[in-house]
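Residue numbers (full-length UniProt numbering): 1 to 363.
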Ligand code: APR
Ligand code: ZN
């Protein structure tokens with residue numbers, strides 16, 4: 001085989017080994033594919049979930065799925081973008097033909113959201129798997145044209161990158177799934193990039209009470225900067241504290257942005273009768289929630305998830321880009337660390353410890 005390029009990428013060899021920056025070989029873009037020079041990439045908890053036992057992907061695995069960059073090459077028959085365009089990567093490109101796509105729910109597309117797939121890339125001659133079809137913590141990626149979304153060149157790359165996962169997910173949960181209305185009350189549990197995005201959107205929606213919850217005080221200032229009205233530490237008295245702030249009733253909507261059964265149960269108990277729990281975090285297969293059958297009946301609550309913000313990225317990423325450029329959505333509070341690719345293992349350790357929010361790699 002001829003062609004292809006060698007680039008640096010963050011690689012996990014096994015789930016129990018710390019990932020390292022290695023040289024990988026990417027093919028030239030094939031029919032309908034594009035090469036993107038990555039300019040910024042965020043480190044998301046789902047990358048950690050690939051290597052900490054939460055998910056069971058195939059290895060060796062190139063990590064990363066939240067990124068923005070510039071199209072450098074396009075393969076034959078590519079009509080969606082051309083060289084030089086700035087793009088955000090989409091880890092759930094829709095086929096537009098399956099049953100879910102036809103029903104207007106591209107986030108459930110039959111072809112989308114696989115933890116890892118092989119795309120013709122190699123490491124030391126062996127087939128390389130790439131996270132969510134992207135493997136975006138890398139200098140370059142080669143992806144299907146439908147996995148890129150053009151955005152205005154004025155949008156800074158670090159902010160653009162976040163639109164591809166944390167912001168689309170957290171904002172979409174509030175706008176598309178819960179449809180939070182002005183004057184309502186919400187609790188957001190887990191204040192990483194995703195939870196803080198939910199806080200931003202709840203404020204934008206005019207929610208009157210935005211209770212933000214995390215395990216330690218260290219997230220207090222971040223929560224307030226994003227627009228929370230109250231910060232609460234997650235402890236045994238959390239549900240009582242939430243009820244005390246809502247006349248004993250509970251909030252209208254709870255957003256679980258951690259991905260654990262215990263926090264889903266806490267979210268459930270924090271919501272008023274007839275309110276809704278939105279599971280935004282991605283938990284493990286064997287982490288099981290337990291709800292009282294009588295309570296499920298009596299409470300009238302709804303438990304639902306929000307996959308990729310129940311968004312159509314082709315529609316919602318450009319809309320979010322417009323909001324950011326107009327000054328209506330400030331995503332900069334999400335960025336707590338600016339790092340190099342070599343510093344990404346430390347960023348994954350911070351996520352494991354619950355420190356900071358987004359670490360963004362600049363290339
Ligand atoms: N109660 C409250 N907050 C908690 C708890 C808990 N019991 N356990 C962990 N957290 C907090 C962490 O301290 C951290 O601040 O949840 C936050 C999670 O944030 P990140 O690790 O930065 O994760 P993020 O990238 O925002 O993703 C959140 O959404 O898409 C999914 O896979 C992703 O499940 C993950 C979730
Ligand atoms: Zn992500």
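Cβ atoms here follow ideal geometry from the backbone N, Cα and C, with glycine treated the same way.
Since the model is a prediction, treat every value here as computed from it, not as a measurement.
- With a cut-off of 7 Å, the C-beta of residue 46 is classified as near the ligand ZN, since at least one heavy atom of the ligand falls inside that distance.
- The Cβ atoms of residue 168 and residue 308 lie closer than 8 Å to each other.
- Distance from the CA of residue 121 to the CA of residue 127, rounded to the nearest whole angstrom, comes to 6 Å.
- With contacts defined as CB atoms closer than 8 Å, residue 312 and residue 152 fail to qualify as a contacting pair.
- Residue nearest to residue 239 within the set 220, 263, 350 is 263 (criterion: CA-CA distance).
- In the three-state reduction of the DSSP assignment, residue 344 falls in the helix class, which pools H, G and I.
- Distances from the CA of residue 156 to each of 7, 51, 253, 67 were compared; the closest alpha carbon is that of 67.
- In chain order, 336, 337, 350 place their CB closer than 7 Å to the CB of residue 356, counting only its own chain and leaving out the 5 sequence neighbours on each side.
- Annotation for residue 256 indicates a beta carbon at 7 Å or more from all heavy atoms of the ligand ZN.
- When the Cα atoms are used, residue 362 and residue 344 turn out to be separated by approximately 11 Å.
- Between the C-alpha atoms of residue 36 and residue 73 there is a straight-line separation of about 7 Å.
- Between residue 101 and residue 188, the CB-CB gap reaches or exceeds 8 Å.
- Residue 69 is classed as buried because its beta carbon has at least 16 other beta carbons within 10 Å across all chains shown.
- Annotation: the continuous alpha helix (DSSP H) that includes residue 323 extends over 313-325.
- Two segments are said to touch when three or more pairs of C-beta atoms, one from each, lie closer than 8 Å; by this definition the segment 272-292 touches the segment 243-260.
- With contacts defined by Cβ atoms closer than 8 Å, residue 174 and residue 212 do not form a contacting pair.
- In this chain, the beta strand (DSSP E) harbouring residue 40 covers 33-43.
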